[in-house]
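**Q** Quick one: the structure is below, and I'll ask about it shortly.
There are 2 protein chains.
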Amino acid sequence: MPRIIKHPEIRREELLDHAQALFLTHGYDKASLNDVIAAAGVSKGAFYHYFASKEALLEALAERFARQALAGVQKVVDDADLDPLGRLNALLAQSRQAKVETAAEAWALFETMFRPENLVLFHRINLAASKSFSPILVEIIRQGVEDGTFRTFDPEGVADIVMQFGLATHDVIAKAFAGGSDADMDIAIEALERRVRLYEIALDRILGLPDGSIRIGEPGYVRAVMTARRSNPALGGPIEGT
Amino acid sequence: MPRIIKHPEIRREELLDHAQALFLTHGYDKASLNDVIAAAGVSKGAFYHYFASKEALLEALAERFARQALAGVQKVVDDADLDPLGRLNALLAQSRQAKVETAAEAWALFETMFRPENLVLFHRINLAASKSFSPILVEIIRQGVEDGTFRTFDPEGVADIVMQFGLATHDVIAKAFAGGSDADMDIAIEALERRVRLYEIALDRILGLPDGSIRIGEPGYVRAVMTARRSNPALGGPIEGT
DNA sequence: CTATTATACCGACCAACGGTCTATGACTCA
DNA sequence: TGAGTCATAGACCGTTGGTCGGTATAATAG
Chain X
24 MPRIIKHPEI RREELLDHAQ ALFLTHGYDK ASLNDVIAAA GVSKGAFYHY FASKEALLEA
84 LAERFARQAL AGVQKVVDDA DLDPLGRLNA LLAQSRQAKV ETAAEAWALF ETMFRPENLV
144 LFHRINLAAS KSFSPILVEI IRQGVEDGTF RTFDPEGVAD IVMQFGLATH DVIAKAFAGG
204 SDADMDIAIE ALERRVRLYE IALDRILGLP DGSIRIGEPG YVRAVMTARR SNPALGGPIE
264 GT
Chain C
24 MPRIIKHPEI RREELLDHAQ ALFLTHGYDK ASLNDVIAAA GVSKGAFYHY FASKEALLEA
84 LAERFARQAL AGVQKVVDDA DLDPLGRLNA LLAQSRQAKV ETAAEAWALF ETMFRPENLV
144 LFHRINLAAS KSFSPILVEI IRQGVEDGTF RTFDPEGVAD IVMQFGLATH DVIAKAFAGG
204 SDADMDIAIE ALERRVRLYE IALDRILGLP DGSIRIGEPG YVRAVMTARR SNPALGGPIE
264 GT
């Protein structure tokens, strides 16, 4: 095989890209290292020059995901005009759609991300994301408590619950896929929509806010994302690139 | 090797027992099938006579865990004298200590269960447990709503949140281990204790109850469990038997 | 009391896996 | 130009989860 030398950063990103596609489509366990290096067109030696192990590759991938997610909400965090409630709402709404622009793209991400074989990958991303998001949330809640918008004796605890809720949709979504049939899907969508309302109210309460203050997402958003699958059945394949 | 024939049910339980010990001590991934069959004193052929794959073994183990946990709360569920709130509280308190009698035992379980390499096992158990517990919780909440004790528009959603909270201590506990030092441990214990109070209040609110109605666990329980480690350092080994 | 079938078990074997190692082509800089 | 470092290649290794043909024991039938 001819020896192709690329700029280390590019090579590393390429490895991450192909690993991402393969991990998402086949799952971390089932996608072998040989698959990854074959897809990336690289030798074993080259791979182990960049990553210490398959595990390390997963870790790096999770970190990249988290970095991207964080970048996606940075302008909300930096917006000095927002009060704590506004910032929290913006963050919740933003994180719901993350880096996803259209409902169709959202579907593709959901489809791949929430399949059971992606448990490990998903968990790593969550871990990495929590590490970046938690301090931000805590800071927002602290400010809110200081200026009297929020009321709570455990800002970190509330921040944890906020994150938990932000990610808890996972289970409901996963169940929607597990069901399979359109009828099951419909039921899951309704349940998810109701769940979001419930989360909003729960957050209102534990933050000492009047009902209706927290807005995680506008009604109908879930359905829009979910039904995008039918309008574009080609989605759900590997997610290439950054 | 001499051929030893046992009653199928016994052999199967033995395999599950040794798998449980090994999975908990080394993690599902790191404990190899050869380890399991060596510990159980059985050949490859024998193993595959009982389980279709390593994955199936994990599944069966998770189911057994869930079955045992369910049996542990059965008398609370069947207690006709309890009103919905009392039953819910009893269930929350019970599930917190599960099959564990002493704080020392609780530590051993926590120590093994919540180590990061047991993510997969833990998740499977959760899945299986949720499947058995959810209907029970929903039924209790439904009854509470009917007789006016609780107020909510989404009993299933509330049930989900209750389960979530019941298991959410996982993350905080995991962080306690991740830290390692005694100081970190102390901080984690304080955080966990505060978190429990927060959960109680949150559940009060989303169930439309006055504050102080929900009692997940008495104050100090977390510390009692956590500090049991120092008083009995021998703990943390494999958990043998049923 | 055999003959036959079904069940529980054994262990050699296999492809594929993650990971290691040595070799070497390709740049860098003096 | 030559020494040294970096990026790559690919043969190789022990172990893994899993398969397979065979065998001893138990259950059943004639």
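For the record, the sequence lines run as chains X and C. The numbering of the first sequence is this note's numbering, which starts it at 24 and goes up by one. The numbering of the second sequence is this note's numbering, which starts it at 24 and goes up by one. For every residue, glycine included, the Cβ atom is placed at its ideal position computed from N, Cα and C. Values in this document were obtained by computation on a predicted structure and should not be read as measured data.
Taking only beta-carbon positions, decide if Glu179 of chain X is within less than 8 Å of chain C.
**A** Yes, because at least one Cβ of chain C sits closer than 8 Å to the Cβ of Glu179 of chain X.
**Q** Under 8 Å between C-beta atoms, does Val168 of chain X make it to chain C?
**A** No, Val168 of chain X lies away from the interface with chain C (no Cβ there is under 8 Å from its Cβ).
**Q** Could you give the distance in angstroms between the alpha-carbon of Pro242 of chain C and the alpha-carbon of Asp205 of chain C?
**A** One C-alpha to the other measures close to 20 Å.
**Q** For the candidate residues X:Pro233, X:Leu47 and X:His41, whose alpha-carbon lies nearest to that of Phe137 of chain X?
**A** If we check each option's Cα against that of Phe137 of chain X, X:Leu47 comes out closest.
**Q** Taking the alpha carbon of Gly50 of chain X as the point to measure from, which residue in X:Ala152, X:Glu179, X:Arg238 and X:Leu144 has its own alpha carbon closest?
**A** Checked all of X:Ala152, X:Glu179, X:Arg238 and X:Leu144; the closest Cα to Gly50 of chain X is X:Leu144.
**Q** Taking Ala89 of chain X and Ala152 of chain X to be in contact with their CB atoms under 8 Å, please state how far apart those CB atoms are, rounded to whole angstroms.
**A** Contact flag correct, Cβ pair sits at about 4 Å.
**Q** If you draw a straight line from the alpha carbon of Gln91 of chain C to that of Gln97 of chain C, how long is it in whole angstroms?
**A** Using only the alpha carbons, I get a separation of about 10 Å.
**Q** Taking only beta-carbon positions, decide if Val96 of chain C is within less than 8 Å of chain X.
**A** No, no contact with chain X.
**Q** So, at 7 Å on beta carbons, what are the nonlocal neighbours of Ala121 of chain X in its own chain, with the 5 sequence-adjacent residues on each side left out?
**A** With a pLDDT of 49 at Ala121 of chain X, under the threshold of 50, the modelled position of that residue is not reliable, and no figure is offered here.
**Q** Could you name the residues of chain C that His146 of chain X contacts, counting a contact when the two beta carbons are closer than 7 Å?
**A** Under the 7 Å cutoff, chain C gives Leu142.
**Q** Taking the beta carbon of Ala103 of chain X as the centre, do at least 16 other beta carbons fall within 10 Å, making it buried, or is it exposed?
**A** Exposed, because fewer than 16 other Cβ atoms sit within 10 Å of the Cβ of Ala103 of chain X.
**Q** Report the three-state DSSP secondary structure of Ser153 of chain C (helix, strand or coil).
**A** In this structure, Ser153 of chain C counts as helix in the three-state DSSP scheme.
**Q** Using the three-state DSSP reduction, which class does Met24 of chain C fall into: helix, strand or coil?
**A** Here Met24 of chain C sits in coil by DSSP.
**Q** Quick check on this structure: which residue in X:Arg246, X:Leu190 and X:Gly189 has the alpha carbon closest to the alpha carbon of Ala211 of chain X?
**A** Measuring from the Cα of Ala211 of chain X, the nearest candidate turns out to be X:Arg246.
**Q** Can you say whether Phe188 of chain C is buried or exposed, counting buried as having 16 or more other CB atoms within 10 angstroms of its CB?
**A** Buried.
**Q** Is Ala266 of chain C close to chain X? Criterion is C-beta to C-beta, closer than 8 Å.
**A** Nothing about residue 266 of chain C can be reported from this structure: the residues present for chain C run from 24 to 265 only.
**Q** Please list the partners that Ile27 of chain C has in chain X, where partner means a Cβ-to-Cβ separation under 9 Å.
**A** Correct list: empty, because the minimum Cβ distance to chain X is about 34 Å.
**Q** Distance, Cα to Cα, His41 of chain C vs Leu81 of chain X?
**A** Their Cα atoms are separated by approximately 30 Å.
**Q** Count the CB pairs spanning the region 156–167 of chain X and the region 60–68 of chain X that are closer than 8 Å, and state whether there are at least three.
**A** No: fewer than three Cβ pairs fall under 8 Å.
**Q** Applying the 10 Å Cβ sphere with the 16-neighbour rule, what's the burial state of Gln43 of chain C?
**A** Buried: at least 16 other Cβ atoms inside 10 Å.
**Q** Who are the neighbours of Ala214 of chain X on chain C, taking C-beta pairs under 7 Å?
**A** The answer, in chain order, is Glu179.
**Q** Using a 10 Å radius around the Cβ and a threshold of 16 neighbouring Cβ atoms, would you call Ile224 of chain X buried or exposed?
**A** Classification for Ile224 of chain X: buried.
**Q** So which residues of chain X does Ile184 of chain C contact, with C-beta pairs closer than 9 Å?
**A** Simply Phe188, Ala191, Arg218, Leu221, Tyr222 and Ala225.
**Q** My output table needs one value for Asp40 of chain X: the three-state DSSP class, helix, strand or coil.
**A** Helix.
**Q** Applying the 10 Å Cβ sphere with the 16-neighbour rule, what's the burial state of Ile27 of chain X?
**A** When all chains shown are included, Ile27 of chain X counts as exposed.
**Q** Please state whether the Cβ-Cβ distance between Val161 of chain C and Pro139 of chain C is less than 8 Å.
**A** No, the Cβ-Cβ distance between Val161 of chain C and Pro139 of chain C is not below 8 Å.
**Q** Using the rule of at least 16 other Cβ atoms within 10 Å of the residue's Cβ for burial, across every protein chain shown, is Leu38 of chain C buried or exposed?
**A** Burial call: buried.
**Q** Return the first residue and the last residue of the alpha helix (DSSP H) that Ile60 of chain X is part of.
**A** Run containing Ile60 of chain X: Leu56 to Ala63, per the alpha helix (DSSP H) assignment.
**Q** Which residues of chain X have a Cβ atom closer than 9 Å to the Cβ of Ile163 of chain C, listed in chain order?
**A** Under the 9 Å cutoff, chain X gives no residues; its nearest Cβ is about 17 Å from Ile163 of chain C.
**Q** Interface residues of chain C around Ile229 of chain X at Cβ under 8 Å?
**A** Near Ile229 of chain X (Cβ distances below 8 Å), the residues of chain C are Leu221, Ile224, Ala225 and Arg228.
**Q** Rounding to the nearest angstrom, what Cα-Cα distance links Arg110 of chain X and Arg228 of chain C in this structure?
**A** Computed Cα separation, rounded: 24 Å.
**Q** Quick check: the Cα distance between Pro31 of chain X and Ile60 of chain X, rounded to an integer number of angstroms?
**A** Distance between the alpha carbons of Pro31 of chain X and Ile60 of chain X is about 15 Å.
**Q** Taking Cβ positions, are Gly240 of chain C and Val219 of chain C nearer each other than 8 Å?
**A** In contact: Gly240 of chain C and Val219 of chain C (Cβ atoms closer than 8 Å).
**Q** Look up Glu241 of chain C in the DSSP assignment and say whether it is helix, strand or coil.
**A** In the structure shown, Glu241 of chain C sits in coil (DSSP, three-state: anything other than H, G, I, E or B).
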